[in-house]
Each structure stands twice: as structure tokens, then as C-alpha cells.
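Going by full-length UniProt numbering, 75 is the number at position 75 of the sequence shown; the sequence numbering is gapless. Note that beta-carbon positions come from the ideal geometry of N, C-alpha and C, so glycine has one too. Scroll down for the structure; my scribbles are underneath it.
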Amino acid sequence: MRFRFCGGEDCADWILAEIFTLSKLSSVKLKLLCQQVIQAILTDNLNLSEAQKLVGDKFESGDLKASIRALQYILTMSAKHSVDGQSLLNELTQLGFPKEHANGLVKVYDENFEKLIDKLRSSVMRFLTVR
Numbered sequence: 001m002r003f004r005f006c007g008g009e010d011c012a013d014w015i016l017a018e019i020f021t022l023s024k025l026s027s028v029k030l031k032l033l034c035q036q037v038i039q040a041i042l043t044d045n046l047n048l049s050e051a052q053k054l055v056g057d058k059f060e061s062g063d064l065k066a067s068i069r070a071l072q073y074i075l076t077m078s079a080k081h082s083v084d085g086q087s088l089l090n091e092l093t094q095l096g097f098p099k100e101h102a103n104g105l106v107k108v109y110d111e112n113f114e115k116l117i118d119k120l121r122s123s124v125m126r127f128l129t130v131r
């Protein structure tokens, strides 16, 4: 299947694996983790120890880093491809994300969509034409 948040391509296997890992968290903790990831995207700074406290003993350190990277990918690629919240919700549930978890992620995404777009635009390298 093709997914808009993946740029019209199939979803990568590592994202599918991380969806399974993220599903171990409660929907509330996932939403809080998404908020931390959004802030990290916007500020270029992630407090990994806060994220570790949030997930507790549910994840090993490597799993946490991979899950954070997956959330970063989902959120930034969705914004990059201007995916609306409802479409993202449908795609995430098709991939196996529990609906309650996907709702939390999409809520955070919708609340920060404009900020994400602004950040992505400001971080794009622009080449000047030399005459």
C-alpha cells in the first residue's frame, strides 16, 4: 500500500516495527512523548532523560531512540507532504497503530502543524542562482 505520510510510497519496515513498540505505551504516555518529539523538532533539542522517565521500563534505551526517530519521521514527513489529520489517522490505523494511540498522535500533530511547516521551511537549504 501507498501512504501519503511516506510521500506516496510504501511504509518502511522499521516504522512498522516501531509502531508495534510504541503500542506498548499507554495512549496518554504516547501523546506526551509525541509532544516531546514535536518540541525537539521545533527547538533542535531533545531531553532524552525526560523521555526515558516517561516510558519507564517499557523500553530499552535503543528502543526509545528508535521510537523517537519513528515519531519524528511520521510527524515531519506528514507535515512535509501536507497530510491532513484525518488522513494520517486512517493511515496509522491501517498500519496497526491502536486507534486511541493514533488519535493522540494526530491531536499533537494537528495542534503543531503550522509550527512544523514553518520549521521545515526554515530548515530547507536554498541555493542562490549565480549570475
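Item to check | Spatial distance of Thr129 from Asn47 (CA atoms) | outcome: Locating residue 129 in the sequence shown gives position 129, where the first residue counts as 1. Locating residue 47 in the sequence shown gives position 47, where the first residue counts as 1. Note that Thr129 scores a pLDDT of 49, beneath 50, so its modelled location is shaky; the value from the coordinates is reported in the next line. Those two C-alpha atoms are separated by around 39 Å.
Item to check | Three-state secondary structure assigned by DSSP to Phe3 | outcome: As a first step, residue 3 is located in the sequence shown; it is residue number 3 there, counting from the start. Phe3: strand per DSSP, three-state reduction.
Checklist entry - At which residues does the alpha helix (DSSP H) containing Ser49 begin and terminate? => result In the sequence shown, the residue the question calls residue 49 occupies position 49. From DSSP, the alpha helix (DSSP H) with Ser49 extends over Leu48 to Val55.
Checklist entry - Hey, Gln72 and Val28: beta-carbon distance below 9 Å or not? => result What you label residue 72 is simply residue 72 of the sequence shown in a count that begins at 1. What you label residue 28 is simply residue 28 of the sequence shown in a count that begins at 1. Contact: no.
Next on the checklist: Measuring straight from C-alpha to C-alpha, what distance separates Thr93 and Asn103?
Outcome noted: The residue you call residue 93 lines up with position 93 of the sequence shown. The residue you call residue 103 lines up with position 103 of the sequence shown. Whole-angstrom Cα-Cα distance: 9 Å.
Checklist entry - In chain order, which continuous runs of the alpha helix (DSSP H) of length 4 or greater are located wholly inside the stretch 25–112? => result 27–43, 48–55, 61–80 and 85–94
Item to check | Meets three-Cβ-pair contact criterion under 8 Å: the stretch 76–84 and the stretch 11–23 | outcome: no
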